[in-house]
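Residue numbers for the sequence shown follow this note's numbering, beginning at 158 and rising by one.
Below you'll find the structure, written out as structure tokens, and then a few comments.
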Amino acid sequence: MGAPDTDPEAVAEAVLDTVASVAPEVRAGLPGRRRYLDGENPSGEDVLAADVYADDLLESAIGALDGVGTYASEERENAVDTGDGPVSVAVDPLDGSSNLRSNNPMGTVVAVYDGALPAGGRDLVAAGFVLYGPVTSMVAGVGAPEETTIREYLVTEDGEREAVDTLDLPNDPTVYGFGGRVPDWPADFAAYVDEVEDELKLRYGGAMIADVSQVLTYGGVFAYPALESAPNGKLRLQFEGNPVAYVLEGAGGRSSTGDGSILDAPATGLHQRVPVHVGNDDLIERLEAALG
Ligand code: AHG
Ligand code: MN
Ligand code: MN
Ligand code: MN
């Protein structure tokens, strides 16, 4: 452990490098960990052995970095004090882990905040995700949300990031994917879906970052909206909503809770849920008009 680095963006780059460096090990450990464990996580949801395995790997690697003061994750009730560094890291160790049993894509989401948790999205200094798909890739940016550039990387078998391209949302959107059950959608959201489904193709796979990756690649909209049964939706702000909002806005798109940018949502807790809508600007603008 050298002298703690105090430049948040330098620490954030080290965090992204560390997430890439453990990605091959996370992926290699998935096959034997498809069983559900007893108990629930802080969100009251099932936990796979793979969720805990990935979380332990990431906590150990990220927590050891100079400059990281706090580690928090979907699978831990409370944040872990990992030193006296300037940044806090919130992680979704395996996003879409229910896809493991069906062998569909999933990923790891990371959010690096300058300051204590829970934090608002404007305090992000980096965010991104690893996608365990046909290839292992990373999409990420560093810097303040309004100034970041979002890049795609291939993650090599040695856990190195190889830059591929910068990501700019295509202007002619073609895909959409919405979570929740149709009867559980509030009427105003259902009316919006009626419009959008005539214009775009349905792409929904049950892992936020895999569905978001399709929107980033082809243009469109992803949402896990407010439901009649769950007015705050399903996705957690600290390690799902804020990081995907950072990525989509950084790539030239827009995010919304239904009432303004997700990055402006007040932070009230590590596991608070928030309605998530991300995609092309005009599609999100129409959503906000529909929910208005
Ligand atoms: P996680 O696996 O980290 O708990 O996240 C699952 C989330 C998100 O990845 C996805 O968009 C959503 O759950 C899917 O929910 P449904 O199964 O209700 O579609
Ligand atoms: Mn989960
Ligand atoms: Mn998730
Ligand atoms: Mn998860």
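Virtual Cβ for every residue (Gly too), placed ideally from N, Cα, C.
Since the model is a prediction, treat every value here as computed from it, not as a measurement.
Cβ shell of residue i (< 7 Å), same chain only, five flanking positions each side left out
i: M158; result: Any reading at M158 is ruled out, since the residue's pLDDT is 46, under 50, leaving its predicted position unreliable.
i: A206; result: R190, R192, L194
i: V431; result: N389, G390, L392, L394, G398, T414, I419, A422
i: V292; result: L311
Backbone secondary structure at residue i - three-state DSSP
i: A207; result: helix
i: G285; result: strand
i: A185; result: helix
i: D238; result: strand
i: P432; result: coil
i: P250; result: strand
i: A320; result: strand
i: G407; result: helix
i: Y270; result: strand
i: R443; result: helix
Ligand 2 heavy atom lying under 7 Å from the CB of residue i
i: E234; result: no
i: D195; result: no
i: N260; result: no
i: S294; result: no
i: N198; result: yes
Other residues of its chain near residue i: CB distance less than 6 Å, five sequence neighbours each side excluded
i: I307; result: G298, L324, V404, G407, A408
Residue i: CB within 7 Å of a non-hydrogen atom of ligand 3
i: D368; result: no
i: D252; result: yes
i: E231; result: yes
i: E397; result: yes
Closer than 7 Å: residue i CB and nearest ligand 6 heavy atom
i: D249; result: Among the ligands present in this structure, namely ligand 1, ligand 2, ligand 3 and ligand 4, ligand 6 is not found.
Closer than 7 Å: residue i CB and nearest ligand 4 heavy atom
i: D271; result: no
i: N223; result: Reading off the sequence shown, one finds Asp at residue 223, where the question assumed Asn. No, Cβ of D223 sits at least 7 Å from all heavy atoms of ligand 4.
Cβ-heavy atom distance, residue i to ligand 1, below 7 Å
i: S412; result: no
i: S386; result: no
Would you say the stretch 306–320 touches the stretch 197–209, given that touching needs at least three Cβ pairs under 8 Å?
No contact exists between the stretch 306–320 and the stretch 197–209.
Under 8 Å: do the stretch 381–392 and the stretch 161–175 share three or more Cβ pairs, one atom per stretch?
Touching, no, given that fewer than three Cβ pairs across the two stretches are closer than 8 Å.
Assess, as a yes-or-no matter, whether the stretch 221–235 is touched by the stretch 329–347 under the definition of 3 or more beta carbon pairs within less than 8 Å.
The stretch 329–347 is not in contact with the stretch 221–235.
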